[in-house]
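All remarks here apply to the structure that follows.
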Ligand code: BG6
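In the numbering used here, the protein residues as written are 2 to 506.
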C-alpha cells in the first residue's frame, strides 16, 4: 500500500504504552492513519512501559484495542499484520538509569535497518507526576537532542495550577526548545473544533456580525453522561474545572473569540488565541460566587440507567468536596467583545453527551411586527455542534404559512455526516499526524497554558478556601445544579437545552 513519501522516516516512541490511552486512542488512530496512507513510508512505533511483555503480546493487545475502539470497526487481518510488523515493545522504566538502554538499542536497530537517522517523536502518555522525570530521562539518554528532528508530545493535565504549570514549563524549556514541545489538548484535534476557524474565516457572511454590536452572549457546553469510571483517584484530585474547564472549554472560547490571524502558521494562530486569554477580565476573588458555580452529582438516572452518586464511585473520598460540574462567566475586554458575556459549563453525569457552542444574537433594532405576530419570537442563534452529530445550525425567524402574519422560528442545518458523506477522523488522528509532520498549530504553547491557568486560578483558589456547603447538589441525569441556572438567569439569560434546542438536533 503506498504511503506518504513526503514525510521523513519517523519513529514514534510511546512512553507509558501499557496504559489505556495507547490501547484506546493512539494505536487505533495510527492504524487509521496508515489505512488512509498518511503515515510516512518508513514508520515504526516503540512502546515503552514497565510491564514485562514481548512484541507479540504487545501487538495482540493493540489489535484488541483497534477492534474495539477504531471508528472503522474491526481491523482487516492482512492490513493489521502489515501495520503490526512496525510495532515494537521495550520493557523498562526510563527514569531508572539502566532503563533507557533497551530504548537506545531499539532506536539504533530500526535506524540501522533504515540506513539513517529518523525523526523521533516521544509521546509521554504518563501520569503528571512522571512527566518531568520522563522528559529528564530522555535528555539524559541524549535521544531527543536534534531540535529539527526530535519532538516530545506532552499529555494533559499540564500542571494542576499556575505555579506547577510554570514550573513544568521552566523545566521542559531547560531541556528542549519550545518548538520541540507539543502540548496536547485533544479538543483542538476535533474536526468541528477546527471547523470553527473555517466557519469564521473562510466565509464572509459571519465575520461582519461576529462582535458586540450583534451578539448578545455566547454559551459553551461540554457535557458528559459518563461518571468518573476508573479514574476516581485522578479526578478526585482534579475536578471539572481543572479537567475540562482550564483546557477544552477555554480552547473553544479562544477559537470563537480570536481575531483573524494573518496566516495559518502555527505561531500566528497561537498568538491570536493567547490574545483572547490575555484579554479576559481577571476575576476578583470577591466576585467568584457571582461568576462561577460548582456542583457534584448524587445518584440518579442517566440514559435510562440508575447510576450511583459521585461519592460512591470507586477511589473517591466518601466526603469528597470535588466538583463534577463547573459553570462560569467570562468577559473579554477588547473592542470586539466588550460587554458580551461568555458562559461556559462542563459536567459529568449530565442529561446528554454534547459539546457545542451557541452564539445568541441581539434583537433587531426595531420590532416592526405587531405583538400578536411575534408571540413565539426567539433571537437568532448559531450553534456549532462539536459532538455528537457534528454540524452547524442557524435559528432564524420566518413567516408561518397562512393568511395571518405570524412568525415562527425555523432551523437551517448542516450536518457533517450528510454533507460530506465521509467519516470524521478522530482527534488523535489529526494530532498525531501533525506531531509526526512537525506542525504545532493545534498544540498549546507554554504561554497559552499559563494564561489559561491564570484565567481560572481565582475560581480554583476561592473554591479551595471555602468547602462547598451543599454537595452533592445535582441529580445524575439532570443539567447540573440549580445554581448554574441562577448564574446565567441573573443577567436575563438561560442555558439552552442541547437535547431539545441544540442545532442541528
Ligand atoms: C478529557 C477529560 O480531557 O476529556 C475527561 O480528562 C473527559 O474527563 C474527556 O471525559 C472528554 O473528551 P471527549 O473527547 O470524550 O469529549
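Glycine is no exception: its CB is placed at the ideal position from the N, C-alpha and C atoms.
Return the residue from the list the options that minimises the CA-CA distance to residue i.
{"i": "residue 59", "options": "70, 46 and 71", "result": "46"}
{"i": "residue 73", "options": "105, 160 and 31", "result": "31"}
{"i": "residue 315", "options": "294, 234, 302 and 241", "result": "234"}
{"i": "residue 292", "options": "256, 254, 342 and 260", "result": "342"}
{"i": "residue 420", "options": "438, 390 and 408", "result": "390"}
{"i": "residue 382", "options": "361, 388, 401 and 392", "result": "361"}
{"i": "residue 443", "options": "279, 431 and 454", "result": "431"}
{"i": "residue 502", "options": "202, 417 and 410", "result": "410"}
{"i": "residue 40", "options": "66, 466 and 7", "result": "7"}
{"i": "residue 495", "options": "345, 468, 407 and 55", "result": "345"}
{"i": "residue 23", "options": "104, 156 and 133", "result": "156"}
{"i": "residue 295", "options": "473, 223 and 18", "result": "473"}
{"i": "residue 394", "options": "277, 106 and 413", "result": "413"}
{"i": "residue 478", "options": "37, 84, 351 and 225", "result": "351"}
{"i": "residue 324", "options": "137, 238 and 385", "result": "238"}
{"i": "residue 240", "options": "298, 38, 51 and 131", "result": "298"}
{"i": "residue 104", "options": "143, 85 and 67", "result": "143"}
{"i": "residue 392", "options": "492, 205 and 200", "result": "200"}
{"i": "residue 160", "options": "138, 377, 127 and 312", "result": "127"}
{"i": "residue 491", "options": "439, 306 and 290", "result": "290"}
{"i": "residue 1", "options": "18, 17, 62 and 84", "result": "Because the chain here runs from 2 to 506, residue 1 falls outside it and cannot be looked at."}
{"i": "residue 546", "options": "79, 25 and 52", "result": "With the chain covering 2 to 506 only, the question about residue 546 has no answer from this structure."}
{"i": "residue 62", "options": "270, 253 and 27", "result": "27"}
{"i": "residue 20", "options": "75, 456 and 125", "result": "125"}
{"i": "residue 307", "options": "226, 264 and 378", "result": "226"}
{"i": "residue 255", "options": "158, 273, 497 and 264", "result": "273"}
{"i": "residue 433", "options": "311, 221, 468 and 152", "result": "152"}
{"i": "residue 498", "options": "224, 469, 132 and 476", "result": "224"}
{"i": "residue 380", "options": "466, 334, 365 and 271", "result": "365"}
{"i": "residue 230", "options": "186, 258 and 309", "result": "309"}
Since residue i is in the beta strand (DSSP E), which residue starts that stretch and which ends it?
{"i": "residue 1", "result": "This structure cannot speak to residue 1, because the chain is shown only from 2 to 506."}
{"i": "residue 294", "result": "293-296"}
{"i": "residue 385", "result": "382-388"}
{"i": "residue 301", "result": "301-303"}
{"i": "residue 495", "result": "Where residue 495 is concerned, there is no enclosing beta strand (DSSP E), given that its DSSP letter is neither H nor E."}
{"i": "residue 217", "result": "216-224"}
{"i": "residue 394", "result": "392-400"}
{"i": "residue 153", "result": "151-155"}
{"i": "residue 184", "result": "182-184"}
Taking the alpha helix (DSSP H) that residue i falls in, what are its first and last residues?
{"i": "residue 411", "result": "Where residue 411 is concerned, there is no enclosing alpha helix (DSSP H), although the beta strand (DSSP E) it sits in stretches over 408-416."}
{"i": "residue 56", "result": "56-70"}
{"i": "residue 273", "result": "267-280"}
{"i": "residue 167", "result": "163-176"}
{"i": "residue 437", "result": "428-438"}
{"i": "residue 233", "result": "233-239"}
{"i": "residue 23", "result": "Residue 23 -> no alpha helix (DSSP H), and no H or E assigned at all."}
{"i": "residue 375", "result": "Looking at the DSSP string, residue 375 is not in any alpha helix (DSSP H), and its letter there is neither H nor E."}
{"i": "residue 255", "result": "251-258"}
{"i": "residue 36", "result": "28-36"}
State the beta-bridge partners of residue i as determined by DSSP.
{"i": "residue 12", "result": "45 and 121"}
{"i": "residue 507", "result": "This structure gives no information on residue 507, because the portion of the chain shown stretches from 2 to 506."}
{"i": "residue 345", "result": "221 and 329"}
{"i": "residue 307", "result": "302"}
{"i": "residue 351", "result": "479"}
{"i": "residue 445", "result": "184"}
{"i": "residue 569", "result": "Past the edges of the chain, shown from 2 to 506, lies residue 569, and the structure says nothing about it."}
{"i": "residue 50", "result": "92"}
Using beta carbons (cut-off 8 Å, strictly below), is residue i in contact with chain D?
{"i": "residue 137", "result": "Absence of chain D from the displayed structure is noted, only one protein chain being present."}
Hey, would you say the C-beta of residue i is under 7 Å away from at least one heavy atom of the ligand COA?
{"i": "residue 237", "result": "With respect to the ligand COA, the structure offers nothing, as its ligand set consists of the ligand BG6."}
Three or more C-beta pairs under 8 Å: does that hold for the region 119-128 against the region 12-19?
yes
Check whether the region 175-194 and the region 141-151 are in contact - that is, three or more C-beta pairs closer than 8 Å.
yes
The region 473-493 touching the region 323-343, judged by at least three CB pairs closer than 8 Å:
yes
Stretch pair the region 239-246 + the region 369-379: three plus CB contacts closer than 8 Å
no
Contained beta strand (DSSP E) runs [length at least 3] in the region 64-111, N- to C-terminal order
88-92
Within the chosen definition, does the region 444-457 reach the region 84-103 through at least 3 CB pairs nearer than 8 Å?
no
Can at least three beta-carbon pairs, one atom from the region 34-50 and one from the region 79-93, be found at a separation below 8 Å?
yes
Stretch-stretch touch, CB-based, cutoff 8 Å, three pairs: the region 209-226 with the region 425-440
no
Given 8 Å, three or more beta-carbon pairs between the region 167-179 and the region 192-200
no
Could you say if the region 304-319 and the region 223-237 meet the contact criterion of at least three C-beta pairs nearer than 8 Å?
yes
Would you check if there are 3 or more beta carbon pairs closer than 8 Å linking the region 350-360 to the region 280-287?
no
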